[in-house]
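Written out below as structure tokens is the structure these notes cover.
There are 6 protein chains.
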Amino acid sequence: MNRIAVFPGSFDPFTKGHEDVVRRGLKIFDQVVIGIGINPNKTRYFEPELMEKKVSEAFDGQENVLVKTYTGLTAEFASENNARYILRGLRNTTDFEYENTISQINRDLLDGLETVFLITSPELASISSSVIREIHKFGRPVDKYLPYKL
Amino acid sequence: MNRIAVFPGSFDPFTKGHEDVVRRGLKIFDQVVIGIGINPNKTRYFEPELMEKKVSEAFDGQENVLVKTYTGLTAEFASENNARYILRGLRNTTDFEYENTISQINRDLLDGLETVFLITSPELASISSSVIREIHKFGRPVDKYLPYKL
Amino acid sequence: MNRIAVFPGSFDPFTKGHEDVVRRGLKIFDQVVIGIGINPNKTRYFEPELMEKKVSEAFDGQENVLVKTYTGLTAEFASENNARYILRGLRNTTDFEYENTISQINRDLLDGLETVFLITSPELASISSSVIREIHKFGRPVDKYLPYKL
Amino acid sequence: MNRIAVFPGSFDPFTKGHEDVVRRGLKIFDQVVIGIGINPNKTRYFEPELMEKKVSEAFDGQENVLVKTYTGLTAEFASENNARYILRGLRNTTDFEYENTISQINRDLLDGLETVFLITSPELASISSSVIREIHKFGRPVDKYLPYKL
Amino acid sequence: MNRIAVFPGSFDPFTKGHEDVVRRGLKIFDQVVIGIGINPNKTRYFEPELMEKKVSEAFDGQENVLVKTYTGLTAEFASENNARYILRGLRNTTDFEYENTISQINRDLLDGLETVFLITSPELASISSSVIREIHKFGRPVDKYLPYKL
Amino acid sequence: MNRIAVFPGSFDPFTKGHEDVVRRGLKIFDQVVIGIGINPNKTRYFEPELMEKKVSEAFDGQENVLVKTYTGLTAEFASENNARYILRGLRNTTDFEYENTISQINRDLLDGLETVFLITSPELASISSSVIREIHKFGRPVDKYLPYKL
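Protein chains in written order, with our numbering: chain L, 138 to 287; chain X, 138 to 287; chain C, 138 to 287; chain D, 138 to 287; chain E, 138 to 287; chain P, 138 to 287.
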């Protein structure tokens with residue numbers, strides 16, 4: 138049995154918190170496909186192409202990790218990648234309530250699509266993409282929060 | 138790779154909510170070992186031996202499900218069963234905050250022991266063992282909440 | 138149409154926070170039956186009979202409020218009082234998660250039994266029965282938290 | 138006594154979760170006025186006029202349900218409709234914290250205006266308007282989440 | 138030892154809830170510097186200059202309160218004001234989860250920068266800047282929520 | 138101005154998470170009095186006298202830390218120690234909801250008694266006294282969670 142999971146997100150940017158979830162997810166799944174979701178209606182801070190390149194570097198040499206961009210529903214992205222699992226990290230109760238809703242809908246959109254959760258390692262749980270954008274915008278270094286060099 | 142997960146709990150009693158998590162967990166793991174934890178200091182309502190028998194019936198014929206009782210730490214029960222994963226269901230934010238704490242400690246007690254979470258199916262999320270005990274105590278039927286006949 | 142609601146609780150003791158919910162509930166329901174639940178397995182601090190007497194005093198002269206004690210399931214207490222509604226106050230998210238579970242089960246136990254929620258007035262939300270017991274135990278006055286004289 | 142409640146929201150779109158709250162609210166109130174709030178500063182996905190038409194169809198023949206659009210404060214909409222109650226559904230703790238704030242302010246804006254809460258039925262709690270918009274935007278069917286045909 | 142704390146926020150507008158936190162903070166700190174954060178990318182409802190003037194009026198004659206506007210990271214604003222503390226109010230769990238993240242990052246950005254929390258007084262906890270903007274926009278009085286005259 | 142805070146708890150046992158809050162509290166207060174609360178109705182796992190001795194060792198040589206045991210209300214313990222502040226750590230939303238209630242009551246019991254909160258450092262937030270008791274009961278080492286040798 139080949140277990141493929143997608144790890145979807147806007148990843149604006151992809152952080153060490155995200156990396157933690159992927160690396161731990163690889164102990165459960167045979168392959169993790171990182172999906173950088175592109176929402177045409179939302180302005181990004183970091184370009185998806187840059188992010189795709191950087192995240193690929195972070196997992197360089199690891200054949201069981203793929204990095205892709207996608208537009209559309211996550212359930213369809215999972216389907217296109219023959220993934221029967223969505224991997225997600227939970228940092229706190231706000232995340233939980235949001236993911237609770239989304240995971241039920243994804244199971245509904247693609248029959249049997251399971252969302253599997255890991256709780257983000259505590260020392261990384263405070264790293265959020267929005268805070269990193271804020272720090273970067275004001276010209277302060279953010280490298281310590283990222284698994285690659287910007 | 139043989140993925141073994143333990144699904145620990147007091148299971149006083151084991152409910153359809155628990156069954157839901159086990160059945161969905163079987164899509165991720167090769168084997169799920171249901172561990173009925175016995176706490177010598179706590180009075181139970183349903184005997185662990187009865188529960189072991191009933192849960193075994195519920196998964197009768199399913200070779201990838203084992204049912205055991207255990208005393209001691211969950212991390213040690215996992216270790217004894219060669220399990221590198223703990224499977225847990227999340228019903229709500231109260232569960233999340235509790236599990237957040239426990240899962241970090243388990244990772245600490247047994248290096249690399251991962252707790253993997255599924256969100257309980259919404260139609261089953263209101264089934265709690267304590268409520269079932271309350272209903273049963275007053276002589277009302279509880280069979281609809283259980284995956285076996287009492 | 139005669140709308141009867143039960144307002145169940147252990148009320149050990151009944152507080153001004155409870156009174157707030159009952160008084161506001163009377164704007165919605167024609168009658169509120171306050172049900173002091175007796176759990177034979179739990180030790181109380183204030184006797185249910187004392188509480189019944191005191192709460193009756195607090196609502197003296199108000200014919201649309203009844204005060205009763207009951208043993209057994211809340212759904213059955215509602216049924217015996219021809220109530221199709223349970224009235225409950227919510228103080229915070231911990232209350233919400235608990236009530237979420239209980240209300241689904243009550244709807245299940247008695248078809249169509251609706252639990253109707255009011256959010257406790259903020260200046261009363263910190264009054265909890267367990268804290269009052271603690272204060273009373275150490276001989277400090279608690280009258281300001283209660284709608285009657287002890 | 139004629140109990141009128143408003144059920145306000147942006148309803149972009151009105152879902153089966155909303156319908157559930159209205160239908161259960163009709164067991165408590167004599168009339169429910171569904172108020173589709175129009176915020177001039179926010180872009181909608183579904184036009185309020187379309188929504189008004191569709192929701193009216195969903196409650197066709199039910200004289201105790203009115204469907205209206207409104208601009209301005211909910212407390213004023215309640216006042217204009219002689220409603221002394223606001224009806225709201227709670228899906229989770231995020232909803233609770235938000236509604237907690239809003240309900241206190243509404244009671245403040247219109248003396249005695251009570252917000253009455255029902256907890257959304259669990260099988261409908263994951264249906265959110267924003268998720269439906271997302272699914273619809275990508276051309277997938279959403280009819281199963283709506284009490285009318287789009 | 139001179140204890141200086143910054144009290145940062147967008148304060149759009151500054152409310153009686155904010156004032157409560159500052160006044161109680163003055164019992165802990167020798168000086169509180171209220172920092173009205175200006176985010177060039179966000180449209181405000183009340184001008185920062187107006188707010189600076191109004192808040193200064195509210196604390197008129199109190200030499201241990203300073204009111205300033207700032208652009209940039211809060212950690213830098215603290216540093217510029219020789220503050221080793223950030224003062225923040227917590228109203229509910231949503232606030233808590235947000236502040237939990239931010240406070241860890243601030244401690245990271247400026248070594249030893251401590252965020253100190255007070256829980257907003259319950260009767261003021263429902264006052265939120267966004268609700269006040271909404272009420273003001275529709276021409277209703279908001280003075281009762283503010284520690285100054287608009 | 139001499140700022141004295143009490144840091145109350147059952148401390149059964151006192152953990153590195155508690156130590157973290159005390160050490161950071163010393164940056165705010167001139168003196169922290171650790172109060173080991175003795176509840177005559179509750180069975181402890183570690184004796185209060187042992188705990189008092191061990192905690193004193195952990196803060197050996199630090200004159201601004203006192204360690205005491207107390208029976209009775211925390212507000213009275215604060216009063217007896219001339220403390221106008223209670224220091225508390227927050228680990229998660231469950232803690233927050235509990236502390237929210239307690240802090241309002243303490244302010245009520247002793248006029249002006251302020252509870253000041255720090256958020257527990259994330260890498261220590263999963264350390265709970267009850268989990269440590271559980272681990273210790275089964276004979277596993279717990280020293281890494283404690284700021285002293287048992």
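Where is the CB? At the ideal position from N, CA and C, for every residue including glycine. All values reported here derive from a predicted model rather than from experimental measurement.
Tell me which same chain residues have a C-beta within less than 6 Å of the C-beta of E193/C, skipping the five on either side of it?
-> Correcting the residue identity first, residue 193/C is Ser in this sequence and not Glu. By the criterion of a C-beta distance shorter than 6 Å, S193/C is surrounded in its chain by V204, once the five residues flanking it on both sides are discounted.
What are the boundary residues of the alpha helix (DSSP H) that F166/X is part of?
-> First-last for F166/X: undefined, no H or E at that position.
Alpha-carbon to alpha-carbon, T208/L and V103/X = Nothing about residue 103/X can be reported from this structure: the residues present for chain X run from 138 to 287 only.
Any chain L beta carbon closer than 8 Å to S263/P = At least one chain L Cβ lies under 8 Å of S263/P.
Limits of the alpha helix (DSSP H) - the one that K281/C falls within = Here K281/C belongs to no alpha helix (DSSP H), and DSSP marks it neither H nor E.
Hey, would you say I173/L sits closer than 8 Å to T206/L, going by beta carbons?
-> Yes, Cβ-Cβ distance for I173/L and T206/L is below 8 Å.
Does DSSP put R160/X in a helix, in a strand, or in coil?
-> If DSSP states are grouped into helix, strand and coil, R160/X belongs with the helices.
Closest to T238/X by CA distance: which of T230/L, N237/L, I242/L, N243/L is it?
-> Comparing Cα-Cα distances from T238/X to each of T230/L, N237/L, I242/L, N243/L, the minimum goes to T230/L.
Spell out a yes or no on whether the stretch 278-285 of chain P and the stretch 251-259 of chain P are touching, meaning 3 or more CB-CB pairs, one atom from each, closer than 8 Å.
-> The stretch 278-285 of chain P makes no contact with the stretch 251-259 of chain P: fewer than 3 CB pairs, one atom from each, lie closer than 8 Å.
What residue does the beta strand (DSSP E) around P150/C start on, and which one ends it?
-> No residue range can be given for P150/C, since it is assigned to no beta strand (DSSP E) and is classified by DSSP as neither H nor E.
Quick one: does E184/X have its CB under 8 Å from some CB of chain P?
-> Chain P has no Cβ within less than 8 Å of the Cβ of E184/X.
Return the residue from the list L224/D, L187/D, L247/D, S266/D that minimises the CA-CA distance to A212/D.
-> Taking each of L224/D, L187/D, L247/D, S266/D in turn and checking the Cα distance to A212/D, the smallest one comes out for L247/D.
Span separating the alpha-carbon of D157/L from that of V202/L = If I take the Cα positions, the gap works out to 13 Å.
Ordered list of beta strand (DSSP E) runs contained in the stretch 226-264 of chain E, each at least 3 residues | Correct list: 251-256.
Out of P278/X, G226/X, R221/X, I175/X, point me to the one whose CA is closest to F275/P's CA.
-> Checked all of P278/X, G226/X, R221/X, I175/X; the closest Cα to F275/P is I175/X.
With a 10 Å radius around its C-beta and 16 neighbouring C-beta atoms as the bar for buried, classify L187/X as buried or exposed.
-> Per the 10 Å Cβ criterion, exposed.
Measuring only between beta-carbons, confirm whether L163/E sits less than 8 Å from chain P.
-> Chain P, which has no Cβ nearer than 8 Å to the Cβ of L163/E, makes this no.
Going by C-alpha distance, which of I141/X, E260/X, S240/X, R277/X is nearest V169/X?
-> Of I141/X, E260/X, S240/X, R277/X, the residue nearest in Cα terms is I141/X.
Classify I141/P as helix, strand or coil using the three-state DSSP reduction.
-> Reduced to three states, the DSSP call for I141/P is strand.
Span separating the alpha-carbon of R161/C from that of G162/P = Each residue's alpha carbon lies about 42 Å from the other.
Report the three-state DSSP secondary structure of K205/P (helix, strand or coil).
-> Look at K205/P here: in three-state DSSP terms it is strand.
Give the single residue among I272/C, K164/C, E189/C, R221/C whose Cα lies nearest to the Cα of N243/P.
-> Nearest C-alpha to N243/P: I272/C.
P185/P burial status per 10 Å Cβ neighbour count (16 or more: buried) | Taking every protein chain shown into account, the CB of P185/P has 16 or more other CB atoms within 10 angstroms, so this residue is buried.
Determine the direct distance from the alpha carbon of E260/P to that of E260/L, and round the result to whole angstroms.
-> Taking the straight line from one Cα to the other gives about 5 Å.
So, L227/P versus F233/E, is the Cβ gap smaller than 8 Å?
-> Yes, they are a contact pair.
Could you name the residues of the same chain whose beta carbon sits closer than 8 Å to that of D167/D, not counting the 5 residues immediately before and after it, in chain order?
-> Around D167/D: N139, R140, I141, N201.
Give the interface partners of T230/E over in chain D, defined as CB-CB distance under 8 Å, in chain order.
-> Neighbours of T230/E on chain D, chain order: T230, E234.
Would DSSP call I171/P helix, strand or coil?
-> In this structure, I171/P counts as strand in the three-state DSSP scheme.
According to the neighbour-count rule (16 or more other Cβ atoms, all chains shown, within 10 Å of its Cβ), is F197/P buried or exposed?
-> Inspection of the sequence shows that residue 197/P is occupied by Asp rather than by Phe. Residue burial annotation: D197/P is exposed, with fewer than 16 other C-beta atoms found within 10 angstroms of its C-beta.
Does DSSP classify L187/L as helix, strand or coil?
-> L187/L: helix per DSSP, three-state reduction.
In chain order, what residues of the same chain lie with their CB nearer than 7 Å to the CB of F183/X, ignoring the 5 residues before and after it?
-> Excluding positions up to five away in sequence, the list reads D149, P150.
Mind pulling the chain L residues with CB within less than 8 Å of E156/X?
-> Within chain L, no C-beta atom comes less than 8 Å from the C-beta of E156/X; the nearest is roughly 16 Å away.
Short CB-CB distance (under 8 Å) between F254/P and chain E = By this cut-off, F254/P is an interface position.
Along chain E, which residues have their Cβ under 8 Å away from the Cβ of E251/P?
-> Simply R161, K164, I165, L255.
When the cut-off is 8 Å and only beta carbons count, does N237/E lie next to chain P?
-> Yes, N237/E lies at the interface with chain P (some Cβ there is under 8 Å from its Cβ).
In chain A, which residues lie less than 9 Å from P259/P when you measure between Cβ atoms?
-> Protein chains L, X, C, D, E and P are contained in the structure displayed, whereas chain A is not.
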